[in-house]
Amino acid sequence: MDKNKYIYIIGPEEKKLKEAVLSLVNLYSDTEFTKGISIFKSDKNEFVINFRNNPDFERFKYFVNYLHYPEVQSYEAKVFGYWTISDTDNIKQHLNKRALLYVSENDTEGDNVYALFEGGDKSAKLGFAIGDDYQELKEKEFEFGEPEIDESIFQLIERIDPTVTSKKESSSGCAGMVALILVFFVLVLSLQV
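Those letters in the sequence shown? Residues 7 to 199, per the numbering used here, in order.
1. Alpha carbon to alpha carbon, what distance is there between Thr94 and Asn56?
2. What separation, rounded to the nearest whole angstrom, lies between the Cα atoms of Gln141 and Glu77?
3. Whose C-alpha, out of Val85, Tyr34, Glu147 and Tyr68, is nearest the C-alpha of Asp139?
4. Between Phe123 and Phe150, how many whole angstroms is the CB-CB distance? I'm expecting something under 8 Å.
5. Would you mind giving the Cβ-Cβ distance between Lys22 and Ser80, rounded to the nearest angstrom? I have them listed as a contact below 8 Å.
6. Within the same chain, show all residues whose beta-carbon is closer than 8 Å to that of Lys144, passing over the 5 residues directly before and after it, in chain order.
7. Output the distance between the C-alpha atoms of Gln161 and Ala83, rounded to the nearest integer angstrom.
8. Expressed to the nearest angstrom, what Euclidean distance is found between the alpha-carbon atoms of Leu73 and Leu33?
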């Protein structure tokens, strides 16, 4: 289990969370980041989402936002993303600091992720629109905190990959190839006779 870059989710039904993660995986299937997402669950209905192929910071923000607002009926969850800021994340003032990403209950736009930085005294709004990447707020909504994840309590319950939609096409393509090879052999044999 990766405890450096992960999404921590509290509260949803297991079935609803799996549905939300599968929807996320299929929505972003064109990226390598959604191949092999692991879902771990504790006995307290808390979940940890890990990525086999760690996303970049921008996509990680999207994933936190999406898992807060998935297109799944009757889904309710508290979603927190944990990340250490690096020089490629375009937030130089928080370089090497631990970030807690979340969707604010006060956000009216529905398309933002907020961040608290370890040791910081203010929250920041991390929008997705160009020019709206980082906006420091006047105060913080709550204190930075990170759960102590005991790996003996969290069990792997699912590993999800994008749905393969072209199986039918590939099997008919394979049958077509076999038919073409058979025709070729029949022609070769008839020419030899």
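The C-beta atom is built at its ideal place from N, Cα and C for all residues, glycine as well. Fair warning: this is a prediction, and the values are worked out from it, not measured in the lab.
The answer reads as follows:
1. Each residue's Cα considered, the two are about 20 Å apart.
2. Distance between the alpha carbons of Gln141 and Glu77: 28 Å.
3. The shortest Cα separation from Asp139 among Val85, Tyr34, Glu147 and Tyr68 belongs to Tyr68.
4. Indeed, because the Cβ distance is near 7 Å, the residues count as touching under 8 Å.
5. That belief holds up - the Cβ atoms of Lys22 and Ser80 are roughly 7 Å apart, short of 8 Å.
6. The residues are Lys128.
7. In a straight line, the C-alpha of Gln161 is about 19 Å away from that of Ala83.
8. If I take the Cα positions, the gap works out to 12 Å.
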